[in-house]
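*Asks:* Heads up, the sequence shown is in our numbering, so the first residue is 9 and it goes up one at a time.
Backbone N, C-alpha and C fix where the C-beta goes; we use that ideal spot for every residue, glycine too.
Remember, predicted model here, so these are calculated numbers, not experimental data.
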Amino acid sequence: MASEKHFKYVILGGGVAAGYAAREFAKQGVKPGELAIISKEAVAPYERPALSKGYIGLELSAALKINDFDVTMVFPEPWCMPRLFTADIAAFYEAYYTNKGVKVLKGTLAVGFDADANGDVTAVKLKDGTVLEADIVVVGVGGRPLTTLFKGQVAEEKGGIKTDAFFETSVPGVYAIGDVATFPLKMYNELRRVEHVDHSRKSAEQAVKAIKGKESGEPVPEYDYLPYFYSRSFDLGWQFYGDNVGETILFGDSDPTSSKPKFGSYWIKDGKVLGAFLEGGSPDENKAIAKVAKTQPPVANLEELKKEGLQFASKI
9 MASEKHFKYV
19 ILGGGVAAGY
29 AAREFAKQGV
39 KPGELAIISK
49 EAVAPYERPA
59 LSKGYIGLEL
69 SAALKINDFD
79 VTMVFPEPWC
89 MPRLFTADIA
99 AFYEAYYTNK
109 GVKVLKGTLA
119 VGFDADANGD
129 VTAVKLKDGT
139 VLEADIVVVG
149 VGGRPLTTLF
159 KGQVAEEKGG
169 IKTDAFFETS
179 VPGVYAIGDV
189 ATFPLKMYNE
199 LRRVEHVDHS
209 RKSAEQAVKA
219 IKGKESGEPV
229 PEYDYLPYFY
239 SRSFDLGWQF
249 YGDNVGETIL
259 FGDSDPTSSK
269 PKFGSYWIKD
279 GKVLGAFLEG
289 GSPDENKAIA
299 KVAKTQPPVA
309 NLEELKKEGL
319 QFASKI
């Protein structure tokens, strides 16, 4: 018979989110024996690479090429990372990778594999009929939050566990953090689920502060998150802040043959800039585009915005 354990508070969060919650409890002065991490894994939560089909394709392809592997990158969409990248942004990275010797195949996907007598892969069969010789295959298919264990016990929304602005679920004392949580995104006045390490860290901190605040009586501000994504590969590094909705403009040097390319994009909806992307930015420039996404400044003329580029952000 399974034994029962009783806890005053429970935080639901996979992988690194649970680790960040434990760290925040330690910072807040939790005593030995007061905190338990319950996990199917034998090791404590640790930092891991982002394993989505977009990020893993670009980041892993770059790492393999740097280590002298012959690399072919295959994805079914018309361009890479379409959930975030515009066609113009994607065109730069696809050309840059091609110039580095990575073969890029778009609009198709793997449907089967060939193997030798030992069971080791020898080839990948694509939907368009192409057969690629291969001895290493990495398949990035994305993932879904594992919430089935709590089905019928907590309220759910948009594929995750519904929480308030302090990450408390519909069950008092039970919190959900990281990519399993569907939370109120204050700046857009909507419920959203975010899959990124930055949100995992900050939601964990918010939940722990809320728990400690509930016990001490000290007020805790509502979670006010600015969506943020980033990636680094080869000699490149980009950051994105805000929401990628509405019209877009591209500015700067997006020539993939440039020695130091620096370019960006703004997303504009209802006369306001809602999202900002920058490749090759300095720390101050990245802070500037983050401020643009946070303050959502008005824009009257898109051509003028394109001409101003980063100068627009520096004035905010």
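1. Pair every Cβ in the stretch 166-173 with every Cβ in the stretch 83-94, then say whether three or more of these pairs are closer than 8 Å.
2. Which residue marks the beginning of the beta strand (DSSP E) containing G250, and which one marks its end?
3. What is the residue span of the alpha helix (DSSP H) that T106 lies within?
4. Considering Cα atoms alone, identify which of Y183, P305, E316 is closest to G22.
5. Consult DSSP for S241 and reduce its assignment to one of helix, strand or coil.
6. Compute the distance between the beta-carbons of H63 and M81, then report whether it is under 8 Å.
7. To the nearest angstrom, report how far apart G168 and K16 are at their CA atoms.
8. Would you call the CB atoms of V132 and F121 closer than 8 Å?
9. In whole angstroms, give me the CA-to-CA distance for V205 and A25.
10. Taking L258 as the reference, which of L66, I97, N309, G225 has the closest Cα?
11. Can you list, in chain order, the residues of its chain with a C-beta nearer than 7 Å to that of P84? Leave out the 5 residues immediately preceding and following it.
12. Output yes or no for whether 8 Å exceeds the beta carbon distance between E287 and L244.
13. So, with DSSP's three-state summary, where would you put S208?
14. State the DSSP-derived secondary structure class of M195, mapped to helix, strand or coil.
15. Evaluate A327 with the Cβ neighbour count: other Cβ atoms within 10 Å of its Cβ, from every protein chain shown; 16 or more gives buried, anything less gives exposed.
16. Give the straight-line distance between the Cα atoms of A103 and Y274, rounded to the nearest whole angstrom.
17. If we call anything under 8 Å between Cβ atoms a contact, is G289 one with Q319?
18. Is the separation between the beta-carbon of T190 and that of K159 shorter than 8 Å?
19. Secondary structure at L318, three-state DSSP: helix, strand or coil?
20. According to DSSP, simplified to helix, strand and coil, what is I64?
21. Give every residue of the same chain whose Cβ lies closer than 6 Å to the Cβ of L66, excluding the five residues on either side of it in the sequence, and list them in chain order.
22. Can the beta-carbon of V179 be found less than 8 Å from the beta-carbon of V162?
23. So is S69 buried or exposed if we call it buried at 16+ other beta carbons inside 10 Å?
24. From G37 to S208, what distance separates their C-alpha atoms?
25. From which residue to which residue does the alpha helix (DSSP H) around D292 run?
26. Where does E311 sit, in a helix, a strand or coil, going by DSSP?
27. Assuming G109 contacts K73 under a Cβ cut-off of 8 Å, what Cβ separation, rounded to an integer in Å, is found between them?
28. Please report how far the alpha carbon of I185 lies from the alpha carbon of Y28, in whole angstroms.
29. Can you tell me the Cα-Cα spacing of L233 and A125, whole angstroms?
*Replies:* Once the coordinates are examined:
1. no
2. 244-250
3. 95-107
4. Cα-wise, what sits closest to G22 is Y183.
5. Note: S241 maps to strand in three-state DSSP.
6. The sequence given here has Tyr at residue 63, not His. Contact: no.
7. 23 Å
8. yes
9. 8 Å
10. Nearest to L258 by alpha-carbon distance, out of L66, I97, N309, G225, is I97.
11. Closer than 7 Å at the Cβ level, and outside the excluded window around P84, lie G115, T116, L117.
12. yes
13. helix
14. helix
15. In the structure as shown, the chain starts at 9 and stops at 324, and residue 327 therefore has no counterpart that could be examined.
16. 21 Å
17. Note that the C-beta distance between G289 and Q319 is not below 8 Å.
18. no
19. In the structure shown, L318 falls within a helical segment according to DSSP collapsed to helix, strand and coil.
20. helix
21. S241
22. yes
23. buried
24. 21 Å
25. 291-303
26. helix
27. 6 Å
28. 10 Å
29. Correcting the residue identity first, residue 233 is Tyr in this sequence and not Leu. Distance between the alpha carbons of Y233 and A125 is about 52 Å.
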